[in-house]
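These notes concern the structure reproduced below.
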Amino acid sequence: MARYIFVTGGVVSSLGKGLSSASLGYLLRSQGYKVRIRKMDPYLNVDPGTMSPFQHGEVFVTDDGAETDLDLGHYERFTDISAKQSDNITTGRIYSDIIKKERRGGYLGKTVQVIPHVTDRIKEFIKKDITNEDFVICEIGGTVGDIESLPFLEAIRQFSNDNGRSKSLFIHLTFVPFLKSSDEIKTKPTQHSVKELRSIGIQPDIVICRSQQSIPLDQRRKISLFCNVGIDNVIETVDVKTIYEAPISFFNQKLDKQVLKFFKIKSRKRPNLIPWKKITNIVLKTKQTVNIAIIGKYVNLKDAYKSLDEALTHGGISNKVKVNLVRIESDKLRSREIKSKLRNVSGILIPGGFGKRGTEGKIEAIKYAREKKIPFLGICFGMQMAMIEFARNILNIKKASSSELDKNCFPVIGLIDEWNKDGKIIKGTDKNLGGTMRLGLYEAKLRNNSAIKNIYKSSMIKERHRHRYEVNINLMQKYEKKGLMFSGISPDNKLPEIIELKNHPWFIGVQFHPEFKSRPLSPHPLFSSFIKAAKSFNGK
Ligand code: GLN
9 MARYIFVTGG VVSSLGKGLS SASLGYLLRS QGYKVRIRKM DPYLNVDPGT
59 MSPFQHGEVF VTDDGAETDL DLGHYERFTD ISAKQSDNIT TGRIYSDIIK
109 KERRGGYLGK TVQVIPHVTD RIKEFIKKDI TNEDFVICEI GGTVGDIESL
159 PFLEAIRQFS NDNGRSKSLF IHLTFVPFLK SSDEIKTKPT QHSVKELRSI
209 GIQPDIVICR SQQSIPLDQR RKISLFCNVG IDNVIETVDV KTIYEAPISF
259 FNQKLDKQVL KFFKIKSRKR PNLIPWKKIT NIVLKTKQTV NIAIIGKYVN
309 LKDAYKSLDE ALTHGGISNK VKVNLVRIES DKLRSREIKS KLRNVSGILI
359 PGGFGKRGTE GKIEAIKYAR EKKIPFLGIC FGMQMAMIEF ARNILNIKKA
409 SSSELDKNCF PVIGLIDEWN KDGKIIKGTD KNLGGTMRLG LYEAKLRNNS
459 AIKNIYKSSM IKERHRHRYE VNINLMQKYE KKGLMFSGIS PDNKLPEIIE
509 LKNHPWFIGV QFHPEFKSRP LSPHPLFSSF IKAAKSFNGK
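In terms of the numbering used here, the sequence shown opens at residue 9 and continues consecutively.
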């Protein structure tokens with residue numbers, strides 16, 4: 009049977025539970041163990057697909073088309089294990105399933121209750137789809153003490169009781185603040201948080217203490233004593249200079265060693281930290297920078313384009329340059345300011361997006377990138393905007409737009425309600441907004457003699473999608489005549505997947521989201537190539 013590691017958080021949110029879980033995942037995987045990482049989210053949305061990035065940061069999309077929490081992106085980037093639909097669950101999903109079953113009469117007249125019905129469903133999720141994994145790491149969203157988290161905590165308590173305490177390890181991540189005025193590190197919030205957890209019946213086995221500076225032995229002893237955790241299992245995590253240092257830092261703190269010790273397993277081999285050391289070094293030592301403008305609706309929110317920011321950094325790592333993101337809010341971008349705002353950038357990126365607000369600014373910026381021959385990457389909505397710009401200004405179709413933005417336009421981009429996936433027709437549109445998009449991995453054929461084929465070094469690729477609208481294939485010839493090539497297309501020749509400009513050093517639009525597949529240890533070729541182009545533009 010797999011061993012289960014449950015990760016909870018206390019005191020405050022945003023302590024880096026995701027990063028800790030991901031780093032532990034890497035350390036175990038690198039020793040040859042098979043690992044899965046899952047996330048349980050206590051909110052009532054069925055999935056984060058309909059949540060605004062303002063509320064919850066980016067929606068991460070998996071290969072199998074699930075719209076999930078952005079922490080799954082961390083897990084993938086650190087462990088290189090592709091997450092699945094079955095790796096993320098929310099309270100909303102659980103209740104929705106339970107209520108559907110209740111309406112069908114599935115509970116045979118019983119009263120449906122949090123315990124046992126909700127907790128049973130959570131326990132089912134924890135074990136579902138697990139075959140020969142050595143470790144399953146389950147992160148519980150939220151903070152201990154939240155009302156919403158309670159059923160999850162109760163379920164993991166029951167889980168360890170059902171499956172044997174020796175098969176379930178509890179890690180609790182807390183905050184250990186430093187008080188400047190008294191020049192002291194304070195352990196009380198940690199004590200209280202563990203006390204809260206113990207009142208629910210969970211005794212943590214390992215306490216990870218996030219702090220701004222190293223925790224002296226005396227304070228560690230105090231945490232050990234009050235929290236009833238062995239001193240070796242009080243593990244500190246001091247703020248790192250770059251997140252790529254996290255696996256190294258957790259290894260130095262012996263997190264993986266203590267985990268294996270708990271399960272009475274001998275380490276198979278030393279985890280390989282060389283690649284992390286290499287990239288940490290590059291990130292910290294690189295002096296040369298390139299400025300990349302990201303023009304979008306949510307640029308000022310830190311996590312709204314998390315995977316994209318990461319993928320650009322990865323592109324920088326492979327070119328040994330620091331990528332400086334110039335974040336420009338699209339709805340505040342006026343045409344007269346385009347020149348001044350984009351003067352110092354060596355690359356322009358328009359990310360995915362929804363809705364009309366800010367689109368005219370994006371279209372203006374694309375015109376500028378096209379005319380001034382600045383490297384341009386359009387992702388999903390960004391590619392759609394590039395198609396609109398080209399139609400209006402080169403094909404002279406003044407009413408060109410997307411039917412998402414204007415029902416009476418000339419639809420260069422239109423709504424599609426079915427897709428061909430691996431020979432199967434997938435129906436998309438219904439009345440609901442949630443779960444009605446082209447989601448997950450789809451294939452694209454790349455054209456010979458295209459820039460994109462040269463970048464991917466392959467003629468068939470698979471990338472992750474998340475959109476409802478598609479480029480109108482009927483206009484292909486018109487576009488191509490004027491120098492915009494449809495260089496990637498779906499295997500059934502119906503859906504344009506990639507476009508590029510012929511008379512431009514680097515101008516590419518993709519209908520998918522390459523950022524979801526970029527990893528720090530294997531940067532995505534599209535981002536490496538984009539940053540390379542920006543770097544040489546910079547050198548001009
Ligand atoms: N709004 C566009 C669509 O639904 C693009 C979505 C996106 O950029 N992810 O097609």
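A virtual CB, placed ideally from N, CA and C, is assigned to each residue, including glycine.
Please read these numbers as outputs of a predicted model, since none were measured by experiment.
Can you grab the Cα-Cα spacing for the pair residue 327 / residue 283, in whole Å?
16 Å
Between residue 210 and residue 234, is the Cβ-Cβ spacing less than 8 Å?
no
May I ask which residues mark the beginning and end of the alpha helix (DSSP H) holding residue 445?
It is not in any alpha helix (DSSP H) - residue 445 carries neither H nor E in the DSSP assignment.
Taking only the alpha-carbon atoms, compute the straight-line gap between residue 182 and residue 154 and give it to the nearest angstrom.
15 Å
Less than 8 Å between the C-beta atoms of residue 48 and residue 130, yes or no?
yes
N-terminal and C-terminal residue of the alpha helix (DSSP H) that residue 376 is part of:
367 to 380
Measure the alpha-carbon distance for residue 248 versus residue 288 and round it to whole angstroms.
10 Å
Buried or exposed (CB count within 10 angstroms, at least 16 for buried), residue 543:
buried
State buried or exposed for residue 116, treating a residue as buried only when at least 16 other CB atoms are found within 10 Å of its CB.
exposed
With DSSP collapsed to three states, give me the class of residue 544.
helix
Which listed residue (238, 451, 389 and 454) has its alpha carbon closest to that of residue 422
389
Compare the Cα-Cα distances from residue 368 to each of 407, 310 and 263 and report the closest residue.
407
What residue range is occupied by the uninterrupted beta strand (DSSP E) comprising residue 495?
492 to 497
Closer than 7 Å: residue 475 CB and nearest ligand 1 heavy atom:
yes
Which term fits residue 439, buried or exposed, when burial requires 16 or more other beta carbons within 10 angstroms of its beta carbon?
With a pLDDT of only 47 at residue 439, under 50, the local geometry of the prediction cannot be trusted, and the value read off the model is given with reservation. Residue 439 comes out exposed.
Run the proximity test for residue 398: is its beta-carbon closer than 7 Å to any non-hydrogen atom belonging to ligand 1?
no
Helix, strand or coil at residue 18 [DSSP, three-state]:
coil
When DSSP builds the beta bridges, which residues end up paired with residue 75?
69
Does the distance from the C-beta atom of residue 212 to that of residue 180 stay below 8 Å?
yes
Three-way DSSP call (helix, strand, coil) for residue 350 in this model
helix
Apart from the five residues just before and just after residue 464, which ones in its own chain have a Cβ nearer than 7 Å to its Cβ?
454 and 533
Roughly how many whole angstroms lie between the Cα atoms of residue 443 and residue 55?
For residue 443, the predicted structure reports a pLDDT of 47, less than 50, and the residue's modelled location is therefore unreliable. A value from the coordinates is still provided. Their backbone Cα atoms lie some 9 Å apart in a straight line.
Helix, strand or coil at residue 235 [DSSP, three-state]
helix
Per DSSP, which residues does residue 47 bridge with? Please list them.
96 and 147
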